[in-house]
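S.K.: Here it is: the structure, laid out below.
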Amino acid sequence: MRTATTYRAFRTAKRQEIIDITDDVEHCRQAADIAEGFVLVSAMHISASVFVNDHEPGLWADILDWLESRIAPWDVAAYRHNAGTGEDNAAAHLRSLVMGHEVIVPVTQGALDLGPWQRVFYGEWDGQRPKRVLFKAMGE
Amino acid sequence: MRTATTYRAFRTAKRQEIIDITDDVEHCRQAADIAEGFVLVSAMHISASVFVNDHEPGLWADILDWLESRIAPWDVAAYRHNAGTGEDNAAAHLRSLVMGHEVIVPVTQGALDLGPWQRVFYGEWDGQRPKRVLFKAMGE
Amino acid sequence: MRTATTYRAFRTAKRQEIIDITDDVEHCRQAADIAEGFVLVSAMHISASVFVNDHEPGLWADILDWLESRIAPWDVAAYRHNAGTGEDNAAAHLRSLVMGHEVIVPVTQGALDLGPWQRVFYGEWDGQRPKRVLFKAMGE
Numbered sequence: 059m060r061t062a063t064t065y066r067a068f069r070t071a072k073r074q075e076i077i078d079i080t081d082d083v084e085h086c087r088q089a090a091d092i093a094e095g096f097v098l099v100s101a102m103h104i105s106a107s108v109f110v111n112d113h114e115p116g117l118w119a120d121i122l123d124w125l126e127s128r129i130a131p132w133d134v135a136a137y138r139h140n141a142g143t144g145e146d147n148a149a150a151h152l153r154s155l156v157m158g159h160e161v162i163v164p165v166t167q168g169a170l171d172l173g174p175w176q177r178v179f180y181g182e183w184d185g186q187r188p189k190r191v192l193f194k195a196m197g198e
Numbered sequence: 059m060r061t062a063t064t065y066r067a068f069r070t071a072k073r074q075e076i077i078d079i080t081d082d083v084e085h086c087r088q089a090a091d092i093a094e095g096f097v098l099v100s101a102m103h104i105s106a107s108v109f110v111n112d113h114e115p116g117l118w119a120d121i122l123d124w125l126e127s128r129i130a131p132w133d134v135a136a137y138r139h140n141a142g143t144g145e146d147n148a149a150a151h152l153r154s155l156v157m158g159h160e161v162i163v164p165v166t167q168g169a170l171d172l173g174p175w176q177r178v179f180y181g182e183w184d185g186q187r188p189k190r191v192l193f194k195a196m197g198e
Numbered sequence: 059m060r061t062a063t064t065y066r067a068f069r070t071a072k073r074q075e076i077i078d079i080t081d082d083v084e085h086c087r088q089a090a091d092i093a094e095g096f097v098l099v100s101a102m103h104i105s106a107s108v109f110v111n112d113h114e115p116g117l118w119a120d121i122l123d124w125l126e127s128r129i130a131p132w133d134v135a136a137y138r139h140n141a142g143t144g145e146d147n148a149a150a151h152l153r154s155l156v157m158g159h160e161v162i163v164p165v166t167q168g169a170l171d172l173g174p175w176q177r178v179f180y181g182e183w184d185g186q187r188p189k190r191v192l193f194k195a196m197g198e
């Protein structure tokens with residue numbers, strides 16, 4: 059079994075942002091030199107997500123609007139977490155839970171085994187500060 | 059380490075549909091002939107899901123209603139993705155994100171290590187066209 | 059490749075409850091004696107979740123309130139699953155789907171490779187009865 063572990067740091071310009079990290083997944087696969095296996099992609103923060111979806115800016119805007127309007131409004135006063143800790147990011151925690159914080163990308167015959175439209179994204183829900191994503195490839 | 063990778067194609071009669079694929083997971087385990095390890099089950103599309111839950115048709119109907127009424131209404135005019143691309147399936151993308159697109163099924167002592175009621179499902183959120191799911195078993 | 063599989067049983071005092079199980083993940087890692095790999099943590103029930111987030115009681119209360127008020131109200135009469143089976147826990151199934159039932163914790167250089175605030179939790183959505191979580195470590 060071969061493994062490789064890489065990290066990518068982010069400091070987004072906006073507080074919420076969606077970033078395509080598919081190329082980083084492939085770089086980690088190459089670092090491990092695996093032809094069969096997988097790459098685990100995992101946000102190392104509890105106010106961020108990693109997910110697979112479409113490379114389409116309209117959809118990214120839809121996701122940000124939908125998280126705010128329907129899933130977990132930022133509304134600072136609505137959450138005990140904010141009241142108790144002095145933070146304002148409870149909604150970012152909930153968004154991380156809904157969107158998930160990790161994906162497993164399969165590797166088959168020396169390539170990421172993604173469908174035709176599948177790309178891997180980092181979703182920042184509380185940015186403008188240093189954050190990290192872990193990539194771990196395992197296989198043969 | 060032994061691996062096996064299989065694929066199953068779907069073309070659902072209805073646009074939204076939930077299909078039990080647990081037997082396919084076990085077939086992939088058998089193809090890899092593993093006793094310890096896991097099977098990754100991953101939708102290869104960004105408008106579909108793979109999830110673990112109950113083999114109970116009432117619940118499947120509840121899931122479809124809940125996605126429509128509470129989580130991500132189909133409402134074509136509400137999404138930038140639809141306006142910008144001419145598609146109508148932005149809601150299917152959001153449903154894929156909420157329900158997830160992959161699961162890892164543990165394999166222990168030569169069998170899928172699922173709880174008594176756990177079954178694996180493919181959730182089609184934009185069907186009536188060809189779609190695929192990947193199964194990848196890894197272990198020993 | 060080395061593996062270890064452990065289980066932890068729960069019988070929560072309250073019907074909904076969030077429990078930190080990070081130490082169990084580390085114990086499974088130690089049982090497998092792996093320095094590189096991962097630990098799969100998977101609820102064996104369809105009315106429970108496993109997720110990664112913050113060890114902060116205010117946030118745990120926020121999560122329980124948010125699941126009830128915004129994501130999947132308990133409302134017994136609203137679901138076909140309850141009508142058809144005589145159960146009352148359809149909302150617990152939906153909460154399991156939103157929050158996810160499994161996580162993969164990376165292991166690097168002999169330790170769980172979690173970010174500074176990341177902890178692993180069991181989310182019980184229909185407790186006061188016996189439930190189980192599986193931990194499976196794999197690596198080298």
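Line by line, the protein sequences give chains A, B and C.
Quick note: to get this note's numbering, add 58 to the position in the first sequence (first position is 1).
Quick note: to get this note's numbering, add 58 to the position in the second sequence (first position is 1).
Quick note: to get this note's numbering, add 58 to the position in the third sequence (first position is 1).
Using N, Cα and C, we set each Cβ at its ideal position, and we do this for glycine too.
Between L152(C) and the rest of its own chain, which residues show a CB-CB distance below 7 Å, the 5 nearest in sequence each way excluded?
M.R.: Taking the third sequence and counting its residues from 1, the one referred to as residue 152(C) is at position 94. So the qualifying residues of the chain are A130.
S.K.: Label K194(C) either buried or exposed according to how many other C-beta atoms from any shown protein chain fall within 10 Å of its C-beta, with 16 as the threshold for buried.
M.R.: Indexing the third sequence from 1 puts residue 194(C) at position 136. The residue is buried, with at least 16 neighbouring Cβ atoms inside 10 Å.
S.K.: In whole angstroms, what separates the C-alpha of P174(B) from that of H103(C)?
M.R.: Taking the first residue of the second sequence as position 1, residue 174(B) is located at position 116. Taking the first residue of the third sequence as position 1, residue 103(C) is located at position 45. Between P174(B) and H103(C), the C-alpha separation is close to 8 Å.
S.K.: Let me know the alpha helix (DSSP H) ranges lying completely inside the region 66-128 of chain C, each 4 residues or longer, listed in chain order.
M.R.: Counting whole runs of 4 or more residues, the region 66-128 of chain C contains the alpha helix (DSSP H) stretches 80-90, 115-124.
S.K.: Can you have a look at A90(C) and say buried or exposed, based on whether 16 or more other CB atoms are within 10 angstroms of its CB?
M.R.: Working through the third sequence from its first residue, we reach residue 90(C) at position 32. Looking at its Cβ environment, which holds 16 or more other Cβ atoms inside 10 Å, A90(C) is buried.
S.K.: Distance cutoff 9 Å, beta carbons only. Does S127(A) sit that close to anything in chain C?
M.R.: To locate residue 127(A), count along the first sequence from 1; it is residue 69. It does not: the Cβ of S127(A) has no partner Cβ on chain C nearer than 9 Å.
S.K.: Along the chain, where does the beta strand (DSSP E) that runs through A136(A) open and close?
M.R.: Position 78 of the first sequence, counted from the start, is the residue given in the question as residue 136(A). Unbroken run through A136(A): none, as it is neither H nor E.
S.K.: Which word fits Q88(C), buried or exposed, when buried means at least 16 other C-beta atoms lie within 10 angstroms of its C-beta?
M.R.: As a working mapping, residue 88(C) is identified with position 30 in the third sequence. Its Cβ having fewer than 16 others within 10 Å, Q88(C) is exposed.
S.K.: Quick one: which chain C residues come within Cβ less than 7 Å of N140(B)?
M.R.: To locate residue 140(B), count along the second sequence from 1; it is residue 82. By Cβ distance, chain C contributes nothing, its closest Cβ being about 24 Å from N140(B), past 7 Å.
S.K.: For P174(C) and chain A, any beta-carbon pair shorter than 9 Å?
M.R.: Along the third sequence, one-based indexing puts residue 174(C) at 116. Answer yes: the Cβ-Cβ gap between P174(C) and chain A drops below 9 Å somewhere.
S.K.: Would you call the region 134-143 of chain C and the region 157-168 of chain A in contact, with 3 or more CB pairs under 8 Å?
M.R.: Contact between the region 134-143 of chain C and the region 157-168 of chain A is absent, because fewer than three Cβ pairs lie under 8 Å.
S.K.: Using a Cβ-Cβ cutoff of 9 Å, what residues of the region 146-157 of chain B are near chain A? List them in chain order.
M.R.: For the region 146-157 of chain B, which is checked against every Cβ of chain A, the residues closer than 9 Å are A148, H151, L152, S154, L155, V156.
S.K.: Go ahead and label K72(A) buried or exposed: buried means 16 or more other beta carbons lie within 10 angstroms of its beta carbon, across all protein chains shown.
M.R.: Residue mapping note: residue 72(A) aligns to position 14 of the first sequence, counting from 1. When all chains shown are included, K72(A) counts as exposed.
S.K.: Specify the secondary structure class of L192(C) as computed by DSSP and reduced to three states.
M.R.: For the purposes of this step, residue 192(C) is identified with residue 134 of the third sequence, where counting begins at 1. Three-state result, L192(C): strand.
S.K.: How many angstroms separate the CA atom of D82(C) from the CA atom of V156(A)?
M.R.: Position 24 of the third sequence, counting from 1, holds the residue named residue 82(C). Position 98 of the first sequence, counting from 1, holds the residue named residue 156(A). Near 24 Å, if we compare the C-alpha coordinates of V156(A) and D82(C).
S.K.: What separation, rounded to the nearest whole angstrom, lies between the Cα atoms of A100(A) and S100(C)?
M.R.: Working through the first sequence from its first residue, we reach residue 100(A) at position 42. Working through the third sequence from its first residue, we reach residue 100(C) at position 42. Reading off the sequence, residue 100(A) comes out as Ser, not Ala. Taking the straight line joining both Cα atoms gives about 16 Å.
S.K.: Could you spell out the range, first to last residue, of the beta strand (DSSP E) harbouring R153(A)?
M.R.: Numbered from 1 along the first sequence, position 95 holds the residue referred to as residue 153(A). No beta strand (DSSP E) holds R153(A); the alpha helix (DSSP H) holding it covers 148-157.
S.K.: Do the region 105-112 of chain A and the region 113-128 of chain C make contact, defined as three or more Cβ pairs closer than 8 Å?
M.R.: Flag = no, the region 105-112 of chain A and the region 113-128 of chain C do not touch.
S.K.: At a Cβ threshold of 9 Å, is T61(C) touching chain B?
M.R.: Your numbering for residue 61(C) matches position 3 in the third sequence. Taking Cβ atoms only, chain B reaches closer than 9 Å to T61(C), which makes this a yes.
S.K.: Taking a cut of 7 Å between CB atoms, which residues from the region 95-115 of chain B lie near chain A?
M.R.: So the list reads L98, S100, M102, H103, I104, given in the order they occur along the chain.
S.K.: Roughly how many angstroms separate the alpha carbons of N147(C) and G185(C), rounded to a whole number?
M.R.: Taking the first residue of the third sequence as position 1, residue 147(C) is located at position 89. Taking the first residue of the third sequence as position 1, residue 185(C) is located at position 127. Rounded to whole angstroms, N147(C) to G185(C) spans 10 Å at the Cα level.
S.K.: Assuming the contact rule is C-beta atoms closer than 8 Å, A150(B) and W183(B) should be a hit. Round their C-beta distance to whole Å, please.
M.R.: Position 92 of the second sequence holds residue 150(B). Position 125 of the second sequence holds residue 183(B). Between W183(B) and A150(B) the Cβ distance is about 4 Å, and since that is below 8 Å, they are a contact.
S.K.: Going by C-alpha to C-alpha distance, which of R60(B), T64(B), V161(B) sits closest to R190(B)?
M.R.: What you label residue 190(B) is simply residue 132 of the second sequence in a count that begins at 1. The option with the nearest alpha carbon to R190(B) is T64(B).
S.K.: So what's G142(A) in DSSP terms, helix, strand or just coil?
M.R.: Your numbering for residue 142(A) matches position 84 in the first sequence. Helix.
S.K.: Taking only the alpha-carbon atoms, compute the straight-line gap between D78(C) and G181(C) and give it to the nearest angstrom.
M.R.: In the third sequence, counting from the first residue as 1, residue 78(C) sits at position 20. In the third sequence, counting from the first residue as 1, residue 181(C) sits at position 123. Looking at the two C-alpha atoms, the distance is approximately 9 Å.
S.K.: Assuming P164(C) is part of the beta strand (DSSP E), what are its boundary residues?
M.R.: Walking along the third sequence from the start, residue 164(C) turns up at place 106. Run containing P164(C): 160-166, per the beta strand (DSSP E) assignment.
S.K.: List, in order along the chain, the chain C residues whose C-beta lies closer than 9 Å to that of D184(B)?
M.R.: Sequence index remark: in the second sequence, residue 184(B) carries index 126 (1-based). By Cβ distance, chain C contributes nothing, its closest Cβ being about 18 Å from D184(B), past 9 Å.
S.K.: Got a sec? Which residues, its chain only, sit under 7 Å from R60(A) by beta carbon, not counting five neighbours each side?
M.R.: Along the first sequence, one-based indexing puts residue 60(A) at 2. Within the same chain, R60(A) has close Cβ partners A90, D91, I92, G197, E198.
S.K.: Applying the 10 Å Cβ sphere with the 16-neighbour rule, what's the burial state of S127(A)?
M.R.: What you label residue 127(A) is simply residue 69 of the first sequence in a count that begins at 1. S127(A) comes out exposed.
S.K.: Taking the straight line between their C-alpha atoms, what separation do you get for E210(B) and R69(C)?
M.R.: The structure shown does not extend to residue 210(B), since chain B is modelled only from 59 to 198, so the question has no answer here.
S.K.: A119(B) touches chain C at which residues, Cβ-Cβ below 7 Å?
M.R.: Position 61 of the second sequence, counted from the first residue, corresponds to residue 119(B). Within 7 Å Cβ-Cβ: R138.
S.K.: Would you kindly check if the distance between the Cβ of E160(C) and the Cβ of V108(C) is under 9 Å?
M.R.: Within the third sequence, numbered from 1, the residue matching residue 108(C) stands at position 50. Within the third sequence, numbered from 1, the residue matching residue 160(C) stands at position 102. Yes, these two residues count as a Cβ contact at 9 Å.
S.K.: Who are the Cβ neighbours of A62(B) in its own chain at under 7 Å, not counting the five residues just before and after it?
M.R.: Counted from its first residue, the second sequence places residue 62(B) at position 4. These residues qualify, in order along the chain: C86, A89, A90, A195.
S.K.: Starting from E182(C), trace the beta strand (DSSP E) in both directions and tell me its first and last residue.
M.R.: Counting from one through the third sequence, the residue named residue 182(C) turns up at place 124. Note, E182(C): beta strand (DSSP E), 177-182.
S.K.: My guess is that A106(B) and P188(B) are in contact by the Cβ rule of under 8 Å, so how many angstroms apart are they, rounded?
M.R.: Here residue 106(B) is taken as the residue at index 48 of the second sequence, counted from 1. Here residue 188(B) is taken as the residue at index 130 of the second sequence, counted from 1. Contact flag wrong, Cβ pair sits at about 12 Å.
S.K.: Throw me the rounded Cβ distance for the L170(B) and E84(B) pair, which I believe falls under 8 Å.
M.R.: As a first step, residue 170(B) is located in the second sequence; it is residue number 112 there, counting from the start. As a first step, residue 84(B) is located in the second sequence; it is residue number 26 there, counting from the start. Sure, about 6 Å apart at Cβ, within 8 Å.
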